[in-house]
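In what follows, a single structure is set out as structure tokens and then discussed.
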Amino acid sequence: MQTAKTLKPLPWLLFGSRWLQLPLYVGLIVAQVVYVIQFMAELKHLILEVAKFNEITIMLTVLGLIDVVMISNLLIMVIVGGYETFVSRMNLQGHPDQPEWLSHVNASVLKVKLATAIIGISSIHLLKTFINAASYDEKTIYAQVGIHITFLLSAMAIAAADRIMPAAPAKLHA
């Protein structure tokens, strides 16, 4: 088995270039902090102004909070799953907080999970639009439905492609 010390210069450079993704994942962590701040501001607004809100306003605000949580979940999947898949192993086996999905994550699984998360986020946006349909013109509603259907079809295509792809042969461990 080759180690990093025995790699030739070009393979070493190519393999090492995966670390260029690290600042991207750190940037996504910063973006998640922004979402936490937005969530807290919206929650504070909901709590302090609840007496002034009608049921629809409360529902729309709560859906907005759910949307932020789902986007945050998406960020975690990309950050943790992407880092584990493309940069370096985190060696979390046996850790009590290891996400269940991380034990079998690979690029294919990550794509399907991300597509599913995007559909969930799109569903929340579409539900918010339907609840508040009077505030939108017909063209906007049709566009959102079209985008949602496109996400659904894309996720189904990704899942179908994943299903028909031949499984990678099992590696023998010495």
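Following this note's numbering, the numbering of the sequence shown begins with -11 at its first residue and continues without gaps. All residues carry an ideal CB built from backbone N, CA and C; glycine is no exception.
Q | Terminal residues of the alpha helix (DSSP H) in which GLN20 lies | A | 10 to 37
Q. So, do the segment 97 to 111 and the segment 130 to 143 have three or more beta carbon pairs nearer to each other than 8 angstroms?
A. yes
Q) Which term fits LEU1, buried or exposed, when burial requires 16 or more other beta carbons within 10 angstroms of its beta carbon? A) exposed
**Q.** Three-state class that DSSP yields for HIS223 in the structure shown
**A.** Because the chain spans -11 through 162 in this model, residue 223 falls outside it and cannot be assessed.
**Q.** Inter-residue CB distance, TRP75 and GLN9 (contact presumed, cutoff 8 angstroms)
**A.** In the sequence under discussion, the amino acid at residue 75 is Val, which differs from the Trp named in the question. Their Cβ separation, rounded to whole angstroms, is 5 angstroms, which keeps VAL75 and GLN9 in contact under 8 angstroms.
Q.
If you follow the alpha helix (DSSP H) that ILE67 is in, where does it begin and where does it stop?
A. Counting along the chain, ILE67 falls outside any alpha helix (DSSP H), and DSSP gives it neither H nor E.
Q | LYS127 burial status per 10 Å Cβ neighbour count (16 or more: buried) | A | exposed
Q | For GLY134, three-class secondary structure by DSSP | A | helix
**Q.** Simplified DSSP assignment, three categories, for LEU127
**A.** Position check: residue 127 holds Lys in this sequence, whereas Leu was assumed. Helix, per DSSP.
Q. Taking the alpha-carbon positions, what's the ALA143 to ALA121 distance?
A. 26 angstroms
Q) Which word fits ALA103, buried or exposed, when buried means at least 16 other C-beta atoms lie within 10 angstroms of its C-beta? A) buried
Q. Can you tell me the Cα-Cα spacing of PRO154 and LYS(-4), whole angstroms?
A. 31 angstroms
Q) Can you tell which of PRO87, TYR71, GLN86, PRO84 has its C-alpha closest to the C-alpha of ARG6? A) TYR71
(Q) So, for THR(-6): in the same chain, excluding its five sequence neighbours on each side, which residues have a beta-carbon less than 7 angstroms away from its beta-carbon? (A) none
Q. Distance, Cα to Cα, LEU63 vs ALA145?
A. 22 angstroms
Q) Which class does GLY82 belong to by DSSP, given the choice of helix, strand or coil? A) coil
Q. Do VAL56 and ILE46 have their C-beta atoms within less than 8 angstroms of each other?
A. no
Q: Would you check if the distance between the CB atom of GLY101 and the CB atom of MET65 is smaller than 8 angstroms?
A: The sequence given here has Lys at residue 101, not Gly. Against a cut-off of 8 angstroms, the Cβ pair of MET65 and LYS101 comes out as a contact.
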